[in-house]
Structures are given as C-alpha cells and as structure tokens.
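Everything on this sheet refers to the single structure shown next.
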Amino acid sequence: MKVLAIVNGNGSIHTLRPEIEQFIELHELGIDVDICIQKESVYTPIIEENGINRVGTFPDNKRDKETTAQIRQLLIKNKYDIVHVLNRISIACTLKAVKGLPTKVVTYRGAFGLYWHDPSAYENALNPRVDKVICVCKSIENDIRKQLFFKKEKAITVNKGHRMEWYKDIVASDRKKFNLSEDDFVIACSANNRKSKGIPVLLDAIDLLPPDNNIHILLIGSGMDTSYYQDKISKNKNKDRIHVLGFRDDALPIVKMSDIIMQTSIKHEGLSRSTIEGMALGCVPVVTDAGGNPELVINNECGLVVPQNDPQAMIDAILQLYKSPSKMQELKEAAYDRIKDNFTVRKTAEETLAVYKNLLT
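The opening residue of the sequence shown carries number -12 in my numbering; numbering runs sequentially from there.
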C-alpha cells in the first residue's frame, strides 16, 4: 500500500503534531507513506529523520495550478493507492489532480459548517470523488451524513491522537507572574475569540461567583481586547478575578499551572485540542454539551459536562469542584487516563489504516 499525505506544515511543532504524527506512526506500522509539505516547515526534518520521503510541497491556495500539476505528476509517477488530504486548500487542489486516476481520496473534517446547498462544499467532503471523510468526532460525522444524499457511510470517525510524552516536560508557569498565589483556584480558558466559543457566557458565569473565594479565570487567546469585551469585563462584579492574557506562546505552561480547563462552546465544537491538552497536563475539564465535547469528557467520570449557554450551570460546576478537593483529584487522574488510554497516536494510525484497507478491498 502506497499513501501520499498532503499536509500544511505552517505552524509550531505543538500545533502540527496531532496531524503529522499519525503518518509517522503509519510508517512505523509498515505503510509506505510519502508527505507533501513545505520544505521550510519545522516538521520537515522530523519527517525525514523518521525515514519518510518529503515529496513536493503544499499548495498556496485552492487555485494553485502549479502545485496541483505537481500532485498529479506524483500520483501518476508513484502510483499511490491513496491520497490523504487534511484541509480545504489541499482537498480542492487534489480533487483536480486525481481526475481520471484510480487513486482513492481520503479527506479530513474537524469542524462543523459544511452544507449541501453551499457550492464550496463540493470542493470538499461532499464532492463525489472523495471516497472517505475522516471526522474528528462522531458529532461531525453525523452532521456530514445529513448533508450527503448518497453514500452516507463515507463519513467515518477517527479521533486525533496524542502522545503523553509531549506534555511530560512542560513546566508549569510561576503563578506569581500573574499575581496569583499557590492557594488560588485557577481556571484556564484557552480559545480565540469566536462567537461559537461562548466566552460571553463564561463571563456571565463569573459574574455569578459568590464573594469570599479565591477563584480566578485566565482568558488565553487572541481577540479579547475589543471594546465589547473590555466593557463587559469592566462591568463584571468579579472583574478583579478575570485575567485577559491574550495570545501566548507559553499557553501550555499556563494551563499546567491551572486547576480547571474550561471549554464553553455553544452549538458547534469538534474535539477541542485545548481540552485534550489540559487533561494531559493535569487539569480537570469542565465543558459544555456542544458538538464533540461529551464524546471527549464523560460527565462525572473524567470531568464535568454542563448545558451550553447556561451561566448558572457553569458556575455550579466550578463551585462543586472548588469545594471538593477529593473530587478534583479523582477527576484529574481520570482525565489524564482518558487521554492516555483512548486518544493515542497509535490508535489513530491503526483506525486510519483500517479505513485505507477497507477502501482497497
């Protein structure tokens, strides 16, 4: 079996790992994998050190004729059985490159928002030339199946895997840098400001905090410096407990120094990477019931799941954990084990390989 993976290598090692490591693991399982990725990517030397060929590059945009022609030449020359593409740019170019070729096309979907009435969806998973859509969670799989008129079974769930060793050397930030003490109860919310992330609901929840406690919330991510948020925070009864940190290169050390990782999405959420990272770093997850969150966090077993858009439910969950150190410790250990045992790179690679074999039989 020969596989060509087309991967966008722009970004830090931290952001690229879950996508690229699955192909390194497939190589370890004996699959002949080549990867199209930018030569300057931080992951290129890692790929080559693991004995994987870097062939070609990643397209600049969906109309990149030069890279599309390059992908087609690679498919013809190397006779790949499968081409596995991971984002909308590479999918659009690959669908042009495979015309008339027998190569099976596997794509990836990690977010909601694909609709049958949107023409751009046919440059993506809804294109009849796509043989399998690997979805990051069951909620997205079900959503895509609703958009497919035929072959609904081509959508399938394979969770992204992680390695616990990625997180073992992360050193927690010094709380004093953020005017926090070791006795403070710290909640980290790591999310860029988008409507779907539900940050205003979280701020409304913090406004409900009773007096005489030492609960603090850290907002990590870009887009929190707008006049809307500044005004909303300034009117919050507990504004002194709200710490807007913005985009941070040291987000993981900050999360590791926290007690809770908070995920407050409304309506749509895939499989939150920040929640997985928080669980791997020793935080207890508190998430809403949006999208794939309940698939990741089993309520009262490895974290708490609350109704979306419900500030009172959020603050009740926070206070439940704040008042029960034993419950915190129990859920913290269970959250770590949940990632260690169920969201591994090896499991992702094995399930992806099963998808490949099914396509070729």
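Glycine included, C-beta positions come from ideal geometry on N, C-alpha and C.
Remember, it's a predicted structure, so these values are computed and weren't measured experimentally.
Going by C-alpha to C-alpha distance, which of the options sits closest to residue i?
i, options, result
"N200", "I207, I186, V173, K184", "V173"
"I248", "L232, A267, P272", "P272"
"C23", "V231, I157, I39", "I39"
"P294", "L189, S(-1), H230", "L189"
"A331", "D68, N129, G17, N146", "It is worth fixing the name first, because residue 331 is Thr in this sequence and not Ala. Nearest option by C-alpha distance: N146."
"L232", "Y216, K224, E337", "Y216"
"Q299", "D191, T213, L167, Q57", "D191"
"T275", "T262, T251, I285", "T251"
"Q60", "G87, M244, K141, K184", "G87"
"C176", "I285, I305, I69, T31", "I305"
"N225", "K138, L196, M244", "L196"
"K334", "H149, L347, Y30, T348", "H149"
"A336", "K182, T2, H1, E8", "E8"
"K184", "E35, I18, N296", "N296"
"H104", "F136, R75, I76", "F136"
"T2", "I302, D236, D212, N223", "D236"
"L167", "I76, S214, K182, D227", "D227"
"I76", "R325, S107, G100", "S107"
"A98", "D212, P32, N223, A277", "A277"
"F165", "K182, K141, L206, Q134", "L206"
Applying the 10 Å Cβ sphere with the 16-neighbour rule, what's the burial state of residue i?
i, result
"F10", "buried"
"Y343", "buried"
"I78", "buried"
"I143", "buried"
"P5", "buried"
"R96", "buried"
"N(-5)", "buried"
"Y102", "exposed"
"K52", "exposed"
"K243", "buried"
"R50", "exposed"
"A56", "exposed"
"K182", "exposed"
"K222", "exposed"
So, for residue i: in the same chain, excluding its five sequence neighbours on each side, which residues have a beta-carbon less than 8 Å away from its beta-carbon?
i, result
"G279", "V123, C124, K125, S126, I127, E256, G257, L258, S259"
"Q307", "L291, K314"
"D246", "F172, V173, I174, C270, V271, L308, M315"
"Y67", "K(-11), V(-10), L(-9), D21, L61, T90"
"K139", "R132"
"P198", "none"
"E35", "R41"
"K319", "G269, C270, V271"
"I302", "A192, I193, L195, L196"
"D212", "V231, G233"
Would you kindly check if the distance between the Cβ of residue j and the Cβ of residue i is under 8 Å?
i, j, result
"I202", "Y309", "yes"
"I204", "I186", "no"
"V42", "H71", "no"
"L73", "L(-9)", "no"
"D47", "K91", "no"
"N(-3)", "S28", "yes"
"F234", "G208", "yes"
"I229", "I241", "no"
"L268", "I121", "no"
"I263", "L283", "yes"
"L16", "L340", "yes"
"K26", "T44", "yes"
"I69", "L346", "yes"
"Y30", "I58", "no"
Can you list, in chain order, the residues of its chain with a C-beta nearer than 6 Å to that of residue i? Leave out the 5 residues immediately preceding and following it.
i, result
"K327", "M151"
"I285", "none"
"Y154", "A267, L268"
"S261", "S177"
Report all residues from its chain with a CB closer than 7 Å to the CB of residue i; omit the five preceding and five following residues, and keep chain order.
i, result
"V20", "V(-10), A(-8), F10, L13, H14, I39"
"G210", "N179, N180"
"A321", "E288, C289"
"E169", "R162"
"P427", "Residue 427 is absent from the structure shown; the chain starts at -12 and stops at 348."
"R116", "L82, V85, V92"
"N37", "I11, H14"
"E338", "V145"
"I33", "none"
With respect to 7 Å, is the separation between the Cβ of residue i and the closest non-hydrogen atom of the ligand ATP below this value?
i, result
"Q134", "As for the ligand ATP, it is missing from this structure, which has no ligand bound."
Looking at C-beta atoms only, is the number of pairs between the region 106 to 124 and the region 79 to 87 that lie closer than 8 Å three or more? yes
Touching or not, the region 130 to 141 and the region 161 to 176, by the rule of three or more beta carbon pairs under 8 Å? Between the region 130 to 141 and the region 161 to 176 there are fewer than three C-beta pairs closer than 8 Å, too few to call the two in contact.
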